[in-house]
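Just below is one structure, and these are the notes that go with it.
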Amino acid sequence: MKDENIDEILDNLLIYLPLFYQKAIKPKNPDIKQKHQVYYQILGILEHFDNLPISHLGKRLFVSKPNMTSHIDKLVADGMVERVPDEKDRRIIRVRITDRGLGFIKESREVINEIIKYNLSPLDESELDELNGCLRKIREFMHKIDTMEEIHRKTP
12 MKDENIDEIL DNLLIYLPLF YQKAIKPKNP DIKQKHQVYY QILGILEHFD
62 NLPISHLGKR LFVSKPNMTS HIDKLVADGM VERVPDEKDR RIIRVRITDR
112 GLGFIKESRE VINEIIKYNL SPLDESELDE LNGCLRKIRE FMHKIDTMEE
162 IHRKTP
């Protein structure tokens, strides 16, 4: 039974999660997507977990360190983040969101909010409640998976 569930989960993640993004979150103007998506993801993580090493950001986003460094370079050039040396290990460079980055997050949320409202408008109130409940459950599951991964890393 568990293998059947895993197979269905695999299909749902690989097929329907990208489709959900496309249908619910993707703006109709493709010029907006790339910058907002990458910037928003990085800045959103930094908003919640300020002052992270580049490698940790990359792991959270499944982006290689060289690609992550390139994204951070662009964000630094745009004044959205700043590099900060680690206090304990000078080989580690941490990234911190700036006030301009926080402003970008706020503006982006407003834009994305309007996009989502428009894209999800065919759903009625009960369907929106159900979708929100499902997404809340996914978030809880991801937190549980993160917690278990942390325990496994600390266990010899």
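For what it's worth, our numbering labels the leading residue of the sequence shown as 12, then goes sequentially. Built from N, CA and C at the ideal position, the CB exists for glycine as well.
Non-local C-beta neighbours of Lys34 in its own chain, meaning closer than 7 Å and more than five positions away in sequence, comprise Asn130, ordered along the chain.
By the neighbour-count criterion, in which 16 or more other beta carbons inside 10 Å mark a residue as buried, His82 falls on the buried side. Taking a C-beta distance under 8 Å as the contact criterion, Arg105 and Leu63 qualify as a contact pair.
Beta-bridge partners assigned by DSSP to Val87: none are found. Here the alpha carbons of Glu98 and Val92 stand approximately 18 Å from one another. Residues of the same chain with a CB within less than 8 Å of the CB of Glu138, apart from the 5 flanking positions on each side, do not exist.
Per the Cβ contact rule, the region 51-63 is in contact with the region 109-116 (3 or more Cβ pairs under 8 Å). According to the DSSP secondary-structure assignment, Leu63 is paired through a beta bridge with Val106. Relative to Phe60, the option among Ile123, Glu125, Met153 and Arg107 whose CA is nearest is Arg107. By a beta-carbon distance limit of 8 Å, Arg111 contacts Gly90. Their separation comes to about 5 Å. Here DSSP, grouped into helix, strand and coil, assigns Pro29 to helix. Between Pro38 and Ile126 the beta-carbon gap is near 5 Å, inside 8 Å, which marks them as a contact. According to DSSP, Glu93 shares a beta bridge with Arg107.
Straight-line spacing of the CA atoms in Pro133 and Leu21 works out to 27 Å. Looking at the backbone, the Cα of Ala88 and that of Thr109 are separated by about 12 Å.
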